[in-house]
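Numbering (the working numbering), first residue to last: 1428 to 1672. Glycine included, each C-beta is placed from N, C-alpha and C at the ideal position. A short worksheet on the structure shown next.
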C-alpha cells in the first residue's frame, strides 16, 4: 500500500501499489493528479557528549484562546520578577569604558592650550556621550524590569513590556532543559562536576509559542523550574535534558 495525496487540497488516502504512476481524481476537489510515492521525513536525533536527546514530539498545533485560558488560571500564588542584575552590571562596565574613552579623547587634545576649541569639543564629547548612554541604559533597564511571571494554580502568565502570554499546564506539550558548564581547561573527567552549571529552559505551548527563562532573565528561576516540573507531572509532559560541555 502507498499513500496518494492531492496536490491541490491535501487529501490523502491509502491505495494499492499498482496505482503508482497512474492518474487519479481527487474525490474532494476533483483534481486529476499522478499518484507518486511520498517521501518520509527522517527525524533527527541530536547527539551530545553526555547523552542522546530524543527529538521533539510531533504535535498538531492547536490555537489557544487567551481569554478562556485566563478564566482557567485559578488562584494566584506568587510572582517571579525579572532578573536585571546581569544587565545592570553590564551597563556599569560599559559606562566605565565610555568614561575611559572620553578621558582618552580629552588627552588627545591635550597639546592644545586651555580654552581653545579643540579642548572644548573633547570636553563636550567626554560629558555628553556617557550621559546619553546612561539615559538609554535606564530606559532599557526599566523596560526589562517589567518582565515577570505570575504563577497560578493551573498555569502561569508570562509578562513583558510588549505582551503577555498564558501557559496552562494542560496546554504545555514539551519542555527542554539545556545544561551547560563553565569551561575550565585544567579540569577533566570526574572533576567536571565541580564546575558551575547553567540551565536554560524552553517551555512549548500547544500552538507552538515558546517561553524561555534562565538565571539571566528570571529571579529564583530554579525554584520556578522545580514548581513547574511538579505541576506538569500529572499531564505526562515530556521533559528533555541536553548537556553541553
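**Request:** Check whether the Cβ atoms of residue 1662 and residue 1641 lie closer than 8 Å to each other.
**Result:** no
Nonlocal neighbours in the same chain, by C-beta distance under 7 Å from residue 1575, ignoring five residues either side:
1506, 1507, 1508, 1509 and 1586
Shortest alpha-carbon distance to residue 1644 belongs to which of 1626, 1437 and 1660?
1626
Requested in this report: Indicate whether residue 1664 and residue 1591 have their beta-carbon atoms separated by less than 8 Å.
Outcome: no
| Where residue 1487 and residue 1607 are concerned, what is the direct C-alpha to C-alpha distance, given to the nearest angstrom? | 31 Å
Using the Cα positions of residue 1660 and residue 1449, report the straight-line distance between them to the nearest angstrom.
50 Å
How is the alpha helix (DSSP H) around residue 1652 delimited, first residue to last?
1648–1659
- [ ] Taking the CB atoms as reference points, tell me whether residue 1501 and residue 1605 lie closer together than 8 Å.
- [x] no
- The beta strand (DSSP E) spanning residue 1441 covers which residue range? 1439–1442
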